[in-house]
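Below is one structure, written out as C-alpha cells, with a few remarks after it.
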Amino acid sequence: MHAVAPGPAGEGSPVAAVAPAAAAAAMPEPALRELAARHGLAFGTAVDMAALASDPVYREWVASQFDSVTAENAMKWDVLEPTRGRYEWGPADELVAFAKANRQAVRGHTLVWHNQNPAWLADVPVAELGAVLKAHVQTTVRRFKGDVGQWDVVNEAVEADGTLRDTAWLRALGPGYIADAFRWAHEADPDALLFYNDYDVEDVNAKSDGVHDLVRRLVREGVPIHGVGVQGHCSVDQAPRTLRENLGRFDALGLRTAVTEVDVRMAVPPDPVKLEAQADVYRTVLRACLLTPGCRSFTVWGYTDRYSWVPGWFEGEGAADILDEHFVAKPALRALRDGLSFGGTSRRD
Ligand code: 9MR
1 MHAVAPGPAG EGSPVAAVAP AAAAAAMPEP ALRELAARHG LAFGTAVDMA ALASDPVYRE
61 WVASQFDSVT AENAMKWDVL EPTRGRYEWG PADELVAFAK ANRQAVRGHT LVWHNQNPAW
121 LADVPVAELG AVLKAHVQTT VRRFKGDVGQ WDVVNEAVEA DGTLRDTAWL RALGPGYIAD
181 AFRWAHEADP DALLFYNDYD VEDVNAKSDG VHDLVRRLVR EGVPIHGVGV QGHCSVDQAP
241 RTLRENLGRF DALGLRTAVT EVDVRMAVPP DPVKLEAQAD VYRTVLRACL LTPGCRSFTV
301 WGYTDRYSWV PGWFEGEGAA DILDEHFVAK PALRALRDGL SFGGTSRRD
C-alpha cells in the first residue's frame with residue numbers, strides 16, 4: 001500500500017489520509033456486518049471522531065464493515081459538558097448522523113464513570129452531586145432518545161477484588177447511585193437497553209464475581225438493567241479462558257451480554273507468531289459471544305492500529321487491532337471473518 005508515516009495514536013492526531021481507491025480495493029466482501037448478521041450479531045467499532053473527519057479511508061471502513069458504532073470519547077461527560085450548563089453536542093451529533101446515513105446502531109458510552117468527567121465537577125458541593133449526576137444522565141439520554149438504542153449506563157464501578165470502586169460517586173451518594181443511574185436513564189428513555197460495562201471481567205474471577213453479585217441484586221430489586229458489557233481488552237499473553245462460562249452466568253440471569261471494547265495488544269514489534277496468537281484471541285472472544293444466546297453485539301475498540309489508544313497507555317505494547325496502521329488486514333481480521341463464515345445460526349429472537 002502507500003508509504004504513510006504511522007500516525008501517533010489518539011484523537012486529533014494529524015495524519016495524512018491514504019488514497020481511498022487503494023483501500024476500497026482491499027475492502028473485504030461480504031462485509032463483516034453482513035457475516036455477523038447471519039448470526040443475529042451486530043458488529044461494531046469504537047469511532048475516533050477526529051479520524052472520521054480527516055481520513056476518508058478510515059471513514060469508508062467504518063461505513064461499510066460495521067453496523068454498530070460507539071463513540072470512543074465523544075459521548076463522555078467532559079466532551080459533552082465542558083462548561084457547566086453548556087452542552088456541546090456537535091461531535092456526538094455527527095456520529096449519530098453518520099450512523100443513520102450508514103444504517104448503523106449507536107451504543108452510547110458512557111453516562112456514569114470515574115474518568116473523563118468535566119473539571120468543574122470537582123467544585124460541585126457534595127450535597128448537589130446527586131442532582132447534578134441525575135441531570136447529566138437524563139439530559140444526555142433524552143437528547144439521543146430514538147437514536148441511541150443502548151447505553152453503557154455505569155462504567156467500571158467495580159474493583160479487581162469485586163468490591164465497589166472507591167469513586168466520588170460512591171463516596172457522595174453511597175452504593176445506591178448505581179441503581180439510581182439505571183432508573184434515571186430508564187425514565188429518560190424507556191426503550192433504550194441499559195448496560196453495566198467493565199474491563200477485566202472476561203473470565204470468571206473475583207471482579208466478575210463482584211459484577212455478577214451486583215447485577216443479580218439489581219435484577220432482583222427490579223432495577224431497569226438489561227445487559228452486561230464485557231469490554232474485552234486482552235493481550236496475546238492473557239487470552240480469556242472462561243469467557244463462555246462467564247457470559248453464560250450473566251445470560252442465566254436473563255440479561256443480555258455484549259462484548260463492547262475488544263482489542264488484543266502485544267509487545268511491539270509484531271511478528272507472525274504474535275499475530276497468529278492475536279487472531280486466536282479475537283476468535284476465542286467472538287466464539288464465546290456466538291455461543292451465548294443473549295450476546296448480540298460484538299464491538300472492537302477501534303479497528304486500525306493507526307488510531308489505537310493502546311500505545312499511549314501501555315509502554316512497549318501496541319498492534320492491538322484487526323488492521324495495521326496502513327489499513328492492511330491482519331490475521332485477526334481473517335479469524336473473525338472465518339469465525340462468522342460458516343452457515344446460519346440457531347440464534348433467533
Ligand atoms: O480509547 C479511549 C481513549 O481515547 C481515552 O483517552 C481514554 C480515557 O480514559 O478512554 C479510552 O476508552 C476507554 C473506555 O472509554 C472505557 N474502557 C477502557 C477504554 C480504554 O482505556
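Just so you know, the sequence shown maps onto residues 1 to 349 in our numbering. In this text, a Cβ means the ideal position worked out from N, Cα and C, and glycines have one as well. Note that the structure is a prediction, hence the values are computed from the model and not measured.
CB-CB length for P240 against V285, believed under 8 Å: 6 Å
Which one of A192, W301, G108, V230 has the shortest CA to CA distance from Y199? V230
Among W120, W113, P82, Q150, the one whose alpha carbon lies nearest that of A105: Q150
Let me check understanding here. Comparing Cα to Cα, which of A37, V158, W113 lies closest to G343? A37
Going by DSSP, name the residue or residues bridged to D198. D198 is bridged by DSSP to V230.
Tell me, please, whether the region 255 to 274 touches the region 297 to 307 by the rule of three or more beta-carbon pairs shorter than 8 Å. As far as the Cβ criterion goes, the region 255 to 274 touches the region 297 to 307, which means the pair count is three or higher.
Short Cβ contact (8 Å threshold) for N228 with T257: Reading off the sequence, residue 228 comes out as Val, not Asn. The answer is yes: Cβ separation under 8 Å.
In the region 271 to 332, which residue ranges form an unbroken beta strand (DSSP E) of at least 3 residues, counting only runs that do not cross its ends? 295 to 300
Distance between G85 and G210 (C-alpha atoms, nearest Å): One C-alpha to the other measures close to 35 Å.
Measuring CB to CB, does F195 end up less than 8 Å from H226? yes
Measuring straight from C-alpha to C-alpha, what distance separates Y282 and A332? 6 Å
Does ligand 1 have even one heavy atom less than 7 Å from the beta-carbon of N117? no
Would you kindly check if the distance between the Cβ of A277 and the Cβ of R334 is under 8 Å? Contact: no.
Pairing CB atoms from the region 106 to 113 with CB atoms from the region 67 to 76, are three or more of them under 8 Å? yes
P118 vs D93 beta-carbon contact at 8 Å: no
Given this structure, state the Cα-to-Cα distance separating G312 from R306, to the nearest angstrom. 12 Å
Cross-strand partners of R265 (DSSP beta bridge): S235
Per DSSP, cross-strand counterpart(s) of H109: D152.
Can you tell me whether P14 is buried or exposed, with buried defined as 16 or more other CB within 10 angstroms of its CB? Here P14 scores only 38 on pLDDT, less than 50, and its place in the model is too uncertain to base an answer on.
Cβ neighbour criterion (16 or more within 10 Å) applied to S297: buried
Could you tell me whether the Cβ atoms of A179 and E221 are closer together than 8 Å? Annotated as proximal: A179 and E221, with beta-carbon spacing under 8 Å.
Kindly indicate which residue of L35, T45, V154 has the alpha-carbon position closest to the one of L95. T45
Please name the residue, chosen from H326, L323, S64, R287, that lies closest to R33 on a Cα-to-Cα basis. When each option's Cα is compared against that of R33, the closest is S64.
Apart from the five residues on each side of it in sequence, which residues of its chain come closer than 6 Å, Cβ to Cβ, to C289? Leaving aside the five residues that flank C289 on each side, the residues in its chain whose CB is nearer than 6 Å to its CB run, in chain order, V259, C295, F298.
Taking DSSP as the reference, what is the three-state secondary structure of W89? coil
Only counting the same chain, and skipping five residues up and downstream in sequence, which positions put a Cβ closer than 6 Å to that of V219? L253
By the three-class DSSP mapping on this structure, what secondary structure does L41 have? coil
Following a CB-centred definition, is Y199 positioned closer than 7 Å to any heavy atom of ligand 1? yes
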